[in-house]
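Per the working numbering, the very first residue in the sequence shown carries number 1; after that it's consecutive.
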Amino acid sequence: MTVRRLTNDAFAEAFSTHARALWCVAAGILGHRDVVEDVLQEGALIALRKLDQFDPDTSFFAWMGRIVRYVALNQARRG
1 MTVRRLTNDA FAEAFSTHAR ALWCVAAGIL GHRDVVEDVL QEGALIALRK
51 LDQFDPDTSF FAWMGRIVRY VALNQARRG
C-alpha cells in the first residue's frame, strides 16, 4: 500500500476550508477572541511539523481539531 501524504498546498487549502470551524473549537474552549487567532496559528505550525503523521483516510477536520483543542486547552491552563 502506498502512503499518501498531505502536501503543504493541500494543507493550506484544507485549513482554509475548515478555519471557521476550527476557530469555533478554540473559541469554545477559551471564550476570549483575543487569543483564538494565536491558538490557530500555533496549531497550524504544529500540524505542519506533523504532516507525516496525518492519515489521509481520516478526516482532516478531526485531526486538525484535536491539535487546536490541545493547544487551546494548554492556553486555558496557562491563563
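Where a beta carbon is used, it is the ideal one built from N, C-alpha and C, also for glycine. These numbers come from a predicted model, not from an experiment.
Exercise. In three-state DSSP terms, what is ASP57?
Worked result: coil
Exercise. Near TRP23, what residues of its chain come up, given a Cβ to Cβ distance below 7 Å and the 5 sequence neighbours on each side ignored?
Worked result: VAL36 and LEU40
Problem set entry | Cutoff 7 Å; reference ALA14; Cβ partners in own chain excluding five residues on either side | PHE60
Exercise. Using DSSP with H/G/I as helix, E/B as strand and the rest coil, what is THR17?
Worked result: helix
Problem set entry | Cβ neighbour criterion (16 or more within 10 Å) applied to ALA12 | exposed
Exercise. In chain order, what residues of the same chain have a beta carbon less than 7 Å from the beta carbon of THR17, not counting five sequence neighbours either side?
Worked result: none
For this session: For VAL71, collect the residues of the same chain with a Cβ closer than 6 Å to its Cβ; drop the 5 residues on either side in sequence, then sort them by chain order.
Result: VAL39, GLU42 and GLY43
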